[in-house]
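Count the sequence shown with the numbering used here and you get residues 213 to 426, in order.
Ideal Cβ placement from N, Cα and C applies to all residues, glycine included.
Keep in mind the model is a prediction, meaning the values are calculated, not measured.
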Amino acid sequence: MITVWELVKSGGWMMLPIILSSIVAMAIVVERLWTLRASRVTPPHLLGQVWMWIKDKQLTSDKLKSLRADSPLGEILAAGLANSRHGREIMKECIEEAASRVIHELERYISTLGTIAAMAPLLGLLGTVLGMIDIFSAFMGSQMTANASVLAGGISKALVTTAAGLMVGIPAVFFHRFLLRRIDELVVGMEQEAIKLVEVVQGDREVEVAGVKA
Numbered sequence: 213m214i215t216v217w218e219l220v221k222s223g224g225w226m227m228l229p230i231i232l233s234s235i236v237a238m239a240i241v242v243e244r245l246w247t248l249r250a251s252r253v254t255p256p257h258l259l260g261q262v263w264m265w266i267k268d269k270q271l272t273s274d275k276l277k278s279l280r281a282d283s284p285l286g287e288i289l290a291a292g293l294a295n296s297r298h299g300r301e302i303m304k305e306c307i308e309e310a311a312s313r314v315i316h317e318l319e320r321y322i323s324t325l326g327t328i329a330a331m332a333p334l335l336g337l338l339g340t341v342l343g344m345i346d347i348f349s350a351f352m353g354s355q356m357t358a359n360a361s362v363l364a365g366g367i368s369k370a371l372v373t374t375a376a377g378l379m380v381g382i383p384a385v386f387f388h389r390f391l392l393r394r395i396d397e398l399v400v401g402m403e404q405e406a407i408k409l410v411e412v413v414q415g416d417r418e419v420e421v422a423g424v425k426a
């Protein structure tokens, strides 16, 4: 039975960038899945807690600093609260600026994962093409007569890189789309909370805290 190591060796040197790509892709997926947890990005009841601070006149600079460091949503809310005294429009502009920074951080490494998803199958195909060239060059440079069994063995080895590239590329495409979707959902949630904050601070709506309007 052919072992994994034998398959890697039969794929030649082109297996190295494919394997490295798989390691990088796996690291990105694990790191982003951990970072993009909803409980970390948009903690529940955070807006209610902020409103209680405002209501009880406990919203100090230290509280704002703590809120900013608490979570991505907290950073956005803190930016708006720090400039709430300048009016609705300035408050919204500050929230938008903070949101653009937060979204940029949420999307970190996602483009790299997309590049790997597109590149890995191409690396595999390149490895197969180079392997086929080597096979036919060997036959052309020798007095041997190509027979079906020899050609089949050489071609099967050359196809190893294509299979490896697809094995890296397909999961990378899936997780790239999955993470983009998760980021979109988190952004929508943060946008809704930010809109609520502006309306609450400017006196246009009330906040429900633990089921009771405050």
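Around the beta carbon of W263, 16 or more other beta carbons lie within 10 angstroms, which makes this residue buried.
Between T254 and E411, the CB-CB gap reaches or exceeds 9 Å. Counting only runs of 4 or more residues that sit fully inside the stretch 223-257, the alpha helix (DSSP H) segments are 227-247 and 250-253, in chain order. Taking each of S323, V400, G336 and L342 in turn and checking the Cα distance to T374, the smallest one comes out for G336. With fewer than 16 other Cβ atoms inside 10 Å of its own Cβ, I382 counts as exposed. In this structure, the CA atom of L289 is about 30 Å from the CA atom of L325. Within a 10 Å sphere around the beta-carbon of G299 sit fewer than 16 other beta-carbons, which makes this residue exposed. Just so you know, the alpha carbons of R394 and A311 end up roughly 16 Å apart. The Cβ atoms of A237 and A384 lie closer than 9 Å to each other.
When C-alpha distances from L271 are compared across A281, L391 and L293, the shortest belongs to L293.
If you draw a 10 Å sphere on the C-beta of R320, you find fewer than 16 other C-beta atoms in it, and that means exposed. Residues of the same chain with a CB within less than 6 Å of the CB of P333, apart from the 5 flanking positions on each side, are G377, L378 and G381 in chain order.
In terms of Cβ geometry, I322 and R244 form a close pair [threshold 9 Å]. In the three-state reduction of the DSSP assignment, K269 falls in the coil class, being assigned neither a helical nor a strand state.
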